Structures are given as structure tokens and as C-alpha cells.
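Novice:
Protein chains in written order, with this note's numbering: chain A, 14 to 359; chain B, 9 to 107.
#1: Tell me, please, whether the segment 320-337 of chain A touches the segment 232-244 of chain A by the rule of three or more beta-carbon pairs shorter than 8 Å.
#2: Could you compute how far the alpha carbon of residue 257 (chain A) sits from the alpha carbon of residue 247 (chain A)?
#3: Helix, strand or coil, according to DSSP, for residue 201 (chain A) in the structure here?
#4: What residue from B:72, B:104 and B:63 has the CA that sits closest to residue 156 (chain A)'s CA?
#5: With 9 Å as the C-beta to C-beta threshold (strictly closer), list the residues of the segment 10-28 of chain B near chain A in chain order.
#6: Please return the same chain residues whose Cβ sits closer than 7 Å to the Cβ of residue 92 (chain B), not counting the five positions on each side in sequence.
#7: What three-state label does DSSP hand residue 212 (chain A) in the structure shown?
#8: Within a Cβ cutoff of 7 Å, which residues of the same chain sit near residue 165 (chain A), ignoring the five residues on either side of it in sequence?
#9: Looking only at DSSP bridge pairs, what is residue 81 (chain B) linked to?
#10: CA-CA distance, residue 163 (chain A) and residue 346 (chain A)?
#11: Run through the segment 311-351 of chain A for me and flag every whole alpha helix (DSSP H) of 4 or more residues, listed as ranges in chain order.
#12: Between residue 277 (chain A) and residue 206 (chain A), is the Cβ-Cβ spacing less than 7 Å?
#13: Which same chain residues end up closer than 7 Å to residue 355 (chain A) when comparing Cβ atoms and leaving out the 5 residues on each side of it in sequence?
#14: For the pair the segment 172-181 of chain A and the segment 115-128 of chain A, tell me if three or more CB-CB distances fall below 8 Å.
#15: Please confirm if residue 58 (chain B) has its CB atom under 7 Å from at least one CB of chain A.
#16: Might you give, ordered along the chain, the residues of its own chain that have their beta carbon closer than 8 Å to the beta carbon of residue 33 (chain A), omitting 5 neighbours on each side?
#17: What did DSSP end up calling residue 264 (chain A) once you bin it into helix, strand or coil?
#18: Expressed to the nearest angstrom, what Euclidean distance is found between the alpha-carbon atoms of residue 318 (chain A) and residue 302 (chain A)?
#19: Return the chain-ordered list of same chain residues with a C-beta closer than 6 Å to the C-beta of residue 89 (chain B), the five sequence neighbours on each side being excluded.
#20: Residues in the segment 152-172 of chain A with C-beta within 8 Å of chain B's C-beta atoms, listed in sequence order?
#21: Could you round the C-beta distance between residue 84 (chain A) and residue 174 (chain A) to whole angstroms and report it? I think they count as a contact, below 8 Å.
#22: Where DSSP assigns a beta bridge to residue 29 (chain B), which residues make up the other side?
#23: Could you check where the alpha helix (DSSP H) with residue 190 (chain A) kicks off and where it finishes?
#24: Out of A:307, A:187 and A:91, which has the shortest C-alpha to C-alpha gap to residue 124 (chain A)?
#25: Name, in chain order, the residues that DSSP records as bridge partners for residue 141 (chain A).
#26: According to a CB-to-CB cut-off of less than 8 Å, which residues of the segment 45-72 of chain B neighbour chain A?
#27: Which residue's Cα is closest to the Cα of residue 228 (chain A): A:289, A:86 and A:272?
#28: Closer than 7 Å by C-beta to residue 308 (chain A): which residues in its own chain qualify, once you throw out the five before and the five after it? Chain order, please.
#29: May I have the straight-line CA-CA distance separating residue 353 (chain A) from residue 283 (chain A), to the nearest angstrom?
#30: Going along chain A in order, which residues have a C-beta closer than 7 Å to the C-beta of residue 104 (chain B)?
#31: Could you tell me the alpha carbon to alpha carbon distance between residue 90 (chain A) and residue 95 (chain B), rounded to whole angstroms?
#32: Report the three-state DSSP secondary structure of residue 32 (chain A) (helix, strand or coil).
#33: According to DSSP, is residue 87 (chain A) part of a helix, a strand, or is it coil?
#34: Measure the C-alpha to C-alpha separation of residue 211 (chain A) and residue 341 (chain A) and round it to an integer number of angstroms.
#35: Does the beta carbon of residue 208 (chain A) come closer than 7 Å to any beta carbon on chain B?
#36: Return the CA-CA distance between residue 18 (chain B) and residue 61 (chain B), expressed in angstroms with no decimal places.
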């Protein structure tokens, strides 16, 4: 299986399509695998090219944006990947189901943050409906973004996680995975995967701070504090002190502790802490300057899907310089942030 | 049939490990699970995940005298194996994500 797969990686799609129809099973499987991989590369290239073109947004004379389009579903404990029973749509009164209302409110708070601070109209910047699927699975200890426009929320197993809709930062985190998919589309492994996770934490915590009116000093900078079960108390991750959030937290706080091949949720502690340092160095609200610099970097066409920490760091410094000036406090704070986590800028 | 199962990934990013036995299931579920286990695409890594924060499972068996591994994304888990994996929350031990 391995050898033919490797050989076919450089073959043109036309030949792969012919091989995919041949009688020999091993050859057919290898061709189908190669085609799937080839398709992902082509899609990534097309997305990247489209972003570089900076296509103009449609011109309209009507006032648009500023209003989410939420639909919350009850998956009734199934693991179906398609939306279940509609429980609450935009503008409807609260349901009797607490998880449904938490998802509705959390998605609303996240939409409001992105719209008010960045004038971003939903996940794709173009009014994409927000679909929250609650009560996914039985005792399912997780929430995830499926890459196809749906945010799934489990009820938790009571040990690792409890009701996941209770965490507004968790909802902000999952929705941000959708935003990332529509911007840099950071590949979900290695450093780009850890960046993907970190950017979701960075905007997830800002959604919580914004909703609670917290400044950088009154925030606890903990991710998941409202959804952890007894085994992971008090939180999933700490942006202030990575590696200290719970007894099993092994996030490094700087590149000296970088875990080669580590899960994307491990090394994300490094860029997480950089953001914390930048935001707390500047003071005020995280979304005053640190958040917009991170957002501009995420939306920058030069941030490629396979970006490293260093690539991302350099783009944040460039945006700080362009927006605030080379000798500004903001630029110095961004440089200090990356220096604190030992990510080299040159 | 005994298997070692490790669930990784997810929002929490911790690993949960357990040794599970199909004997813990009802006879009908056990038969289906054993068939599903024998038909797993052994010695293969999980497919590229779509989206983010999804679980993936590593299954290891020593059936037949030699150890075999397979990694499955949660959408690749056969339905017949779900009753066995449902034992994980109550029997699993947390490990650090890097463990």
C-alpha cells in the first residue's frame, strides 16, 4: 500500500482517475488515496489564491450585517452528523432547555463580539447562519466544529467535562475555528494546528471578557473554567500560566518546552501566552489593540495554511508597525510577547 | 477479545486510556464488536480530520500473538464498536496529552 501511494503523489489527476477504475484493489485504493490528498492540496491552493486576489465585497445600498442568524438544534443524544430537531430560531423566545438557550446566547455573544470589534459579519464575513447542535451523543465530553458549518455540543461525561454549552469561551472558541477556516485555513497538525487552536483560545477568551466587561487584569485567562468536570478542575488551559490549569495540563509556556509532534492542544500554550503578555503589557481591554493585531494577522493573505509560530509572529509585528508605528507601545508589546515565549522574529 | 483503547484530541486535549474486553458487553453486542474489530483497517493512521477538536481513537490488540495498531477518527468508528467505546468514560484513566 505504501509504495504505490508514494509513487502516485506526483502523477497527474487524469492518470490517477484511470488507476482508480482499474481491477487491482491495492492499486485502486492507492489511487483513491492520492486523489483525496491531491484534492486537498488543490483546494488549499485555490483558497489561498482567492484570498490573495482580494476580491471586492458585493456593493449594496441596503444596511447589512449586525444581525446573527441562529438556529439551535437538539441532537437527542444521537451521533448523527446532520442537524436534528429545531429548538430555537433567531428571534424566538427562550426554550425550556437550558443547553439550547446557552448555545443561542453564546453564539449571539460571539457574533456580537466579532461584529462590534471587527465588523465581521459572522463566520465567513458574509452573514453565514450560526448552527448550534446541542445534546450530541450520550455523555459526550466534547464540543467541536465539523468544518461544514455546524458547532456540536455534548452534555459532558461529568468527569472530564460537564455541559459544554455553559462555557461562553468554549462557544467563542468553536465559532473561531470556523472563522479560521474562512481565513488562513490553518492546517490542523504541527505548528499550524497549534496556531489554529491558539487563535481559537485567543478569541474565545476575548468573547468571554467582552461579554463580562472584563479588562486584561480582571480576567482569569482560563479556558473552559465553566465546563470542566472534577478531574480537570479548575480549567482546561491557562493563557497566563500554561501547564498549570489542571493536574494533567502539560502545555509548554515557551519554545524551550515545545513538544515535537505534540497534540495541537499542547503547543498552543506558546502562542496563547504570547497573546497574554501582549494584552497585559498594554492594559485596558484585550480587544483594544492586541485582539485587532491578532485578527489582522489571521486575515492577512500572507498567513499561509502551513504557517509556523514564527510566520504568524512576524505578521503580527508587521501589522502592529503599520497600524500603530514602529516605535509605538503596541509594537513593542507584540515584540515582547513573542520574546517572552522565545519565538524568534528573524 | 481484549483491546487497549486510547482516545485523544477533543476540546480538552487530554488522552483517556482503558483496556476493554468485549466480554463486558451483552452477547449480541460482543459478537458484533468482535467482528468489527477483526475488520478494522489495521496498521493505519486516522484519516485527515475535518473541522477541529474532534476525537480520534487508537486501538491496539495482541490477538493472535502479535500486536497490531489502528487509529480511527471518530467518524470512522464502526457502529458495532460504539457500545465497547461507550465503556471508556467509566473505565478510562486520564493521561497527559503527550502521554
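The beta carbon of each residue, even a glycine, is placed where N, CA and C say it ideally should be.
Values in this document were obtained by computation on a predicted structure and should not be read as measured data.
Specialist: On the basis of the supplied data:
#1: no
#2: Numbered from its first residue, the first chain carries residue 257 (chain A) at position 244. Numbered from its first residue, the first chain carries residue 247 (chain A) at position 234. Going from the Cα of residue 257 (chain A) to the Cα of residue 247 (chain A) covers about 9 Å.
#3: Position 188 of the first chain, counted from the start, is the residue given in the question as residue 201 (chain A). If DSSP states are grouped into helix, strand and coil, residue 201 (chain A) belongs with coil.
#4: Start at 1 with the first residue of the first chain, and residue 156 (chain A) comes out as number 143. Comparing Cα positions, the closest option is B:63.
#5: Sequence-ordered contacts of the segment 10-28 of chain B with chain A read 16, 17, 18, 19, 20, 21, 22, 23 and 24 [C-beta pairs closer than 9 Å].
#6: Looking up residue 92 (chain B) in the second chain gives position 84. Cβ within range, chain order: 28, 30, 33 and 41.
#7: On the first chain, residue 212 (chain A) is found 199 positions in, with the first residue counted as 1. If DSSP states are grouped into helix, strand and coil, residue 212 (chain A) belongs with the helices.
#8: For the purposes of this step, residue 165 (chain A) is taken as the residue at position 152 of the first chain. Within the same chain, residue 165 (chain A) has close Cβ partners 146, 149, 156, 157 and 159.
#9: Taking the second chain and counting its residues from 1, the one referred to as residue 81 (chain B) is at position 73. Per DSSP, B:64.
#10: For the purposes of this step, residue 163 (chain A) is identified with residue 150 of the first chain, where counting begins at 1. For the purposes of this step, residue 346 (chain A) is identified with residue 333 of the first chain, where counting begins at 1. Taking the straight line from one Cα to the other gives about 36 Å.
#11: 322-337
#12: As a position in the first chain, residue 277 (chain A) is number 264, starting the count at 1. As a position in the first chain, residue 206 (chain A) is number 193, starting the count at 1. For residue 277 (chain A) and residue 206 (chain A), yes; Cβs fall inside 7 Å.
#13: In the first chain, the residue the question calls residue 355 (chain A) occupies position 342. Result list for residue 355 (chain A): 267, 268 and 269, in chain order.
#14: yes
#15: Residue mapping note: residue 58 (chain B) aligns to position 50 of the second chain, counting from 1. Yes, its Cβ sits closer than 7 Å to a Cβ of chain A.
#16: Mapped onto the first chain, residue 33 (chain A) falls at position 20. Here the set comprises 41, 44, 45 and 48.
#17: Mapped onto the first chain, residue 264 (chain A) falls at position 251. Three-state result, residue 264 (chain A): coil.
#18: Residue 318 (chain A) sits at position 305 when you count from the first residue of the first chain. Residue 302 (chain A) sits at position 289 when you count from the first residue of the first chain. Cα to Cα, the separation comes out at about 24 Å.
#19: Working through the second chain from its first residue, we reach residue 89 (chain B) at position 81. Answer for residue 89 (chain B): 41 and 44, listed in chain order.
#20: 152, 154, 155, 156, 157, 158, 159, 160, 161, 170 and 172
#21: Counted from its first residue, the first chain places residue 84 (chain A) at position 71. Counted from its first residue, the first chain places residue 174 (chain A) at position 161. The Cβ separation is near 24 Å, so there is no contact.
#22: Translated into the one-based positions of the second chain, residue 29 (chain B) becomes position 21. Beta-bridge pairing links residue 29 (chain B) to B:10.
#23: By 1-based counting over the first chain, the position of residue 190 (chain A) is 177. Note, residue 190 (chain A): alpha helix (DSSP H), 181-195.
#24: What you label residue 124 (chain A) is simply residue 111 of the first chain in a count that begins at 1. The option with the nearest alpha carbon to residue 124 (chain A) is A:187.
#25: Taking the first chain and counting its residues from 1, one reaches residue 141 (chain A) at position 128. Paired residue(s): none; residue 141 (chain A) is not in a bridge.
#26: 56, 57, 58, 59, 60, 61, 62 and 63
#27: Against the first chain, residue 228 (chain A) aligns to sequence position 215. Among A:289, A:86 and A:272, the Cα nearest to that of residue 228 (chain A) is on A:289.
#28: The residue you call residue 308 (chain A) lines up with position 295 of the first chain. Correct list, in chain order: 131.
#29: Working through the first chain from its first residue, we reach residue 353 (chain A) at position 340. Working through the first chain from its first residue, we reach residue 283 (chain A) at position 270. When rounded, the distance between both Cα atoms is 9 Å.
#30: Walking along the second chain from the start, residue 104 (chain B) turns up at place 96. Those are 261 and 263, listed as they occur along chain A.
#31: Taking the first chain and counting its residues from 1, one reaches residue 90 (chain A) at position 77. Taking the second chain and counting its residues from 1, one reaches residue 95 (chain B) at position 87. Whole-angstrom Cα-Cα distance: 16 Å.
#32: Mapped onto the first chain, residue 32 (chain A) falls at position 19. Residue state, collapsed to three classes: helix.
#33: As a working mapping, residue 87 (chain A) is identified with position 74 in the first chain. Reduced to three states, the DSSP call for residue 87 (chain A) is strand.
#34: Locating residue 211 (chain A) in the first chain gives position 198, counting from the first residue. Locating residue 341 (chain A) in the first chain gives position 328, counting from the first residue. Between residue 211 (chain A) and residue 341 (chain A), the C-alpha separation is close to 25 Å.
#35: Walking along the first chain from the start, residue 208 (chain A) turns up at place 195. No, its Cβ sits nowhere closer than 7 Å to a Cβ of chain B.
#36: Indexing the second chain from 1 puts residue 18 (chain B) at position 10. Indexing the second chain from 1 puts residue 61 (chain B) at position 53. Going from the Cα of residue 18 (chain B) to the Cα of residue 61 (chain B) covers about 4 Å.
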